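Structure first, commentary second.
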Amino acid sequence: MTMEARHPLASLDGLRAELGDALRTDEAALNEARADKSGHVAATFPLAVVEARDIADVQATLRFANAHGIPVVPRGAGTGLAGGAIGGVGEIVLSTRAMTRILEVSLDDELAVVEPGVINADLNAALLERGLWWAPDPASRAISTIGGNIATNAGGLLCVKYGVTREAVLGLKVVLADGRLIEVGHRTVKGVTGYDLTALMIGSEGTLGVIVEATLRLRALPKGTAVTVKAEFATVEQAARASSVVSASGTTPAIMEILDASAVRQISAHLGVELGSGAVMLAQTDGVGAAEEAASIAAVIRSLGGTVVLTEDAEESTRLFDIRRAFHPSLEALGTVLIEDVAVPRSALPAMFASIERISAKYGIPIPTVAHAGDGNLHPNFVFSAPEVDGHVEVPEHVWAAADEMFLDCLRLGGTLTGEHGVGILKKRWLRDELGDDSFELHRQIKRVFDPANILNPGKIF
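So this is what it looks like as structure tokens:
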């Protein structure tokens, strides 16, 4: 693909004068920016990539883009799973990955102020010596940025006890589509002045503004020794029923994950380990009552036909959850993966697992599934083979048909299309089904208020 085929570059001269080498048009940068971890690759290269170093770079880019009617795709580390940060023809990809400063840590107020390019795990490594941590814990924590976590309202293994990203953000600085900088939220624990624009920005997937700074709510590190529970069940429906009973029992583990038999087989084969022969539940309790809570969970598991092992060994616990985090890499070794992210009420988990198994058999598609069982969030992964055309993999129609059936089953069970990955380009065709016509139109009106020229991440979500 030639540079001329992408876009004439003369129109970027004014922006280059302001940004210097932060503006990139080389093939390597453009090629990287047309894909993320969803498996989707844009068929064409974007116009340019801006590697913003500070807020001024972000403002300059958006002022220029707004004046010239050029679409802008905000991007962090590119680890998203819904195609929300993919750039294509005629678009500027605005990356905040290079904005990596931790600006402040307050022990007294239990908060941190950070730039959006800070890696999730790096922040917690820096907080460790101060006895603090930022609780959101996506499986991609070693590679995902704080800004990306906020833009998608990311979740992860610890959400069952500590909440998703929204519960851990106090305030934001955001650059709007025309380059204006606004501050939303507070440093205070309480604050109800005006509409909650902070919550609106969290999960907006770069369609309302570009997050350039975040004030985060921190927690003291849990005291005591964590206890990990590993249980095996003959079927995933049994495991799902056990997780629902645990949730209803009044015990709240920090982590409660389920891997169906197919996921267990693929991870075991990929890593060369023996994880189990059926479905597996991994749970962890923490805090001063960890041992008693783990014993309570073990009793529920045994009463429902599962076998269980408890461990307080930190290395063994790390090993078990590293195996769980290897789920996606193990599937990528098999072929193209359409990574899904539905959530249902916890009592509906058995029915949702049964639906996935039925759809897998009906369409002849492997759908290994893991779940953040404690909050009803499942990750069915459709594994298929398809040829690449110019680096772009088209999802076959029978895979979309299977996904369509799964999404509609999820909604019938009182669920939602996405628990933590976002809508992006992957799920926008089903958004109206969940929201309804009136709510869908209100969403579009809100988008127009913040971005009347529709330059921020057009084609995503809606």
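FYI, the numbering for the sequence shown is 33 to 494, going by this note's numbering. By construction, the Cβ of each residue, glycine as well, lies at the ideal position given by its N, Cα and C atoms. All values derive from a computational prediction rather than experimental measurement.
DSSP links residue 55 through a beta bridge to 82. The C-alpha of residue 311 is placed about 20 Å away from the C-alpha of residue 371. Annotation for residue 66: 73, 74, 77, 78, 118, 119 and 120 place their beta carbon closer than 7 Å to its own, counting only its chain and skipping 5 residues before and after. Note that the C-beta distance between residue 492 and residue 93 is not below 8 Å.
When DSSP assignments are scanned along the segment 368-400, the uninterrupted stretches of alpha helix (DSSP H) that are 4 or more residues long and fall wholly within it turn out to be 381-395.
As DSSP reads the structure, residue 416 sits in a beta bridge with 368. In terms of CA proximity to residue 187, 235 leads the group 208, 62, 227 and 235. Looking at 109, 361, 281 and 411, the one whose alpha-carbon comes closest to that of residue 289 is 411. For the 8 Å CB-CB criterion, residue 483 and residue 209 form a contact. Per the coordinates, the alpha-carbon of residue 63 lies some 43 Å from the alpha-carbon of residue 258.
For residue 96, the uninterrupted alpha helix (DSSP H) segment begins and ends at 87-100. By the criterion of a C-beta distance shorter than 8 Å, residue 348 is surrounded in its chain by 260, once the five residues flanking it on both sides are discounted. The alpha carbon of residue 400 has as its nearest neighbour, out of 341, 419 and 415, the alpha carbon of 415. Looking from the CA of residue 459, the closest CA among 229, 481, 116 and 446 belongs to 116. The segment 326-340 makes contact with the segment 266-279: 3 or more CB pairs, one atom from each, lie closer than 8 Å. Residue 245 is not a Cβ neighbour of residue 193, given a cutoff of 8 Å. Residue 178: member of the alpha helix (DSSP H) spanning 178-184, first to last residue.
Listed as beta-bridge partners of residue 409 by DSSP are 375 and 404. In this structure, residue 130 places its C-beta atom within 8 Å of the C-beta atom of residue 84. When DSSP states are grouped into helix, strand and coil, residue 61 belongs to the helix group. Counting only residues of its own chain and dropping the five nearest sequence neighbours on each side, residue 383 has a CB closer than 7 Å to the CB of 445. Residue pairing from DSSP places residue 262 in a beta bridge opposite 314 and 341.
Sorting 478, 487 and 437 by C-alpha distance to the C-alpha of residue 233 places 478 at the top. The beta carbons of residue 454 and residue 112 sit closer together than 8 Å. Ranked by Cα distance from residue 215, the options 387, 224 and 203 are led by 203. Residue 196 and residue 168 do touch by the CB rule: their CB atoms are close to 7 Å apart, below 8 Å. Nearest to residue 106 by C-alpha distance, out of 417, 255 and 149, is 149. Taken atom to atom, the span from the alpha-carbon of residue 135 to that of residue 249 is near 14 Å. In this structure, residue 369 lies near residue 413, with their beta-carbon atoms less than 8 Å apart. Across the set 464, 87 and 218, the C-alpha of 464 shows the shortest separation from the C-alpha of residue 494. Residue environment for residue 361: exposed (fewer than 16 other C-beta atoms within 10 angstroms of its C-beta). Residue 436 has its alpha-carbon roughly 44 Å from the corresponding atom of residue 51. Inter-residue distance for residue 298 and residue 306 is about 11 Å (C-alpha atoms, whole angstroms).
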